[in-house]
Every structure is written in structure tokens, then in C-alpha cells.
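A.B. asks: The structure under discussion is supplied below as C-alpha cells; questions concerning it will follow.
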Amino acid sequence: MASSSSPSDAHAASGPAPGGFGRLARRIAGWTANLLATALVLVAGLAVGRQVLIWWYESPPARLAAASDQPLPPETSEELRLWTTRGPMSIERVIGDKDAAIAAMRQRCESSPAATVMQPAGPGEQRFLETLVKLAPVEQTKELDLYVPPGDVTMVVAVSRDEPRIAAWSFALEAEPATWTCYTFCPAAK
Numbered sequence: 037m038a039s040s041s042s043p044s045d046a047h048a049a050s051g052p053a054p055g056g057f058g059r060l061a062r063r064i065a066g067w068t069a070n071l072l073a074t075a076l077v078l079v080a081g082l083a084v085g086r087q088v089l090i091w092w093y094e095s096p097p098a099r100l101a102a103a104s105d106q107p108l109p110p111e112t113s114e115e116l117r118l119w120t121t122r123g124p125m126s127i128e129r130v131i132g133d134k135d136a137a138i139a140a141m142r143q144r145c146e147s148s149p150a151a152t153v154m155q156p157a158g159p160g161e162q163r164f165l166e167t168l169v170k171l172a173p174v175e176q177t178k179e180l181d182l183y184v185p186p187g188d189v190t191m192v193v194a195v196s197r198d199e200p201r202i203a204a205w206s207f208a209l210e211a212e213p214a215t216w217t218c219y220t221f222c223p224a225a226k
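Heads up: the sequence shown begins at 37 in the numbering used here, then just goes up one per residue.
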């Protein structure tokens, strides 16, 4: 007897098993996505690990400036002299108490030249001179009156007698116990 088979049955028997290529394609897509995700995690982990190792072995940055407990070499001057647009400024280290610093500042202001200043006194200088004139000078030389204004700042001001102008101004800051840094500015010096 002849078998009665339909063409659709013949096609089904000769084709792949149910869900064959579709199922295989889904499995390949799943494996590919998993491999890509694993590769991304691996690359990110390696990058972070490399950066951590770079930071670990990196030396600390060199300090640009540091205070030193060592004294200055003997060939270094105890005074530093700078030139500003208004005149010279000197920086000097004084060992001793506040009275020693004031004595050094008085000596520095006494030795300042009492030259004529070209520019007129500004309002700030005029107000400061008005407060100084109310005080008695601690010392008078041929050309200068020296004042030590009261207050928190240790300072000495030299005022020219010829022209009521500041000839020198010095102030001191205590750098460490019994060591003072004195700054002296001579706006009249040329």
C-alpha cells in the first residue's frame, strides 16, 4: 500500500529538530553577551589595578620650601636687602627679647638717609603722622624724630624734621622664641 504522506510531513522530517537554529542562535547570542561583559569587567579591573600600583609606588612630592632648624652658613649675611619701587627694604634677624628688637630697629631707622621724597604724602601717611606727632619721640637726632607707637605691632618710625614725612619705618615679628625678624623700609632713600 502506498503511504500517504503529506509534503509538510516530508519537510518536517528532513529539517532540523524542533527549535534547532533559533535555539542555537539564542545560545550563541547569550555566550557572546557574557563574554563581552566579562571582558569589560576584566579590562576595568586591570585599569584600576594598574592605577593603584602607580599611586602605590609614586614618591611623595618634594617640598618646595621648608623651615630649617639649621643656622645659616657663616658666609651668609645676617641682613637681606631688597629694592622696591619706593626704596630699599632690609630684612634682619635679631636674637634677643623685644627690647633687643626695638634697639636694632631704632639703630636701623637712625642710620636711614633723610632724603627728600618726590611724591606728596598720601592721606594714610598724613593720618599716621598726625597720630605720631601726638606722641613724644623716644629719640631725636639732627634730622629725625624716632617714635615707637603703642599697640600690638612692634614698630619704630623715623620722621624727617625738615619735611613731615616718614623717612624710615621698621617693624618686627617674633619668628621663634628669642628670635625676631625686623623689616625696615626707607621710602626716602634713593
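Even glycine gets a Cβ: it sits at the ideal position worked out from N, Cα and C.
Computed from a predicted structure; not experimentally measured.
Just to confirm, are V189 and F207 a CB contact at a threshold of 9 Å?
C.D. replies: Here residue 189 refers to the residue found at position 153 of the sequence shown. Here residue 207 refers to the residue found at position 171 of the sequence shown. Against a cut-off of 9 Å, the Cβ pair of F207 and V189 comes out as a contact.
A.B. asks: How is the beta strand (DSSP E) around D181 delimited, first residue to last?
C.D. replies: Reading the sequence shown from its first residue, position 145 is the one you call residue 181. Counting along the chain, the beta strand (DSSP E) containing D181 begins and ends at L180 to Y183.
A.B. asks: Alpha carbon to alpha carbon, how far is E146 from I127? Give it in angstroms, no decimals.
C.D. replies: In the sequence shown, the residue the question calls residue 127 occupies position 91. In the sequence shown, the residue the question calls residue 146 occupies position 110. Roughly 16 Å between the two C-alpha positions.
A.B. asks: Taking only the alpha-carbon atoms, compute the straight-line gap between W119 and K170 and give it to the nearest angstrom.
C.D. replies: By 1-based counting over the sequence shown, the position of residue 119 is 83. By 1-based counting over the sequence shown, the position of residue 170 is 134. For W119 and K170, the distance between alpha carbons rounds to 32 Å.
A.B. asks: If you scan the stretch 164–216 from start to end, which runs of the beta strand (DSSP E) of 3 or more residues do you find wholly inside it?
C.D. replies: Taking only runs of at least 3 residues, the beta strand (DSSP E) segments lying wholly in the stretch 164–216 are 180–183, 190–196 and 202–212.
A.B. asks: Is W15 buried or exposed, if buried means 16 or more other CB atoms sit within 10 Å of its CB?
C.D. replies: Nothing can be reported for residue 15, as the shown portion of the chain is limited to 37 through 226.
A.B. asks: From W67 to P97, what does the alpha carbon distance come to, in whole angstroms?
C.D. replies: The residue you call residue 67 lines up with position 31 of the sequence shown. The residue you call residue 97 lines up with position 61 of the sequence shown. The straight-line gap from Cα to Cα measures roughly 48 Å.
A.B. asks: Excluding the 5 residues preceding and the 5 following D214 in the sequence, name in chain order all residues of the same chain whose CB lies nearer than 8 Å to its CB.
C.D. replies: If you number the sequence shown from 1, residue 214 lands on position 178. The amino acid occupying residue 214 in the given sequence is Ala; Asp does not appear at that position. Result list for A214: I131, G132 and D133, in chain order.
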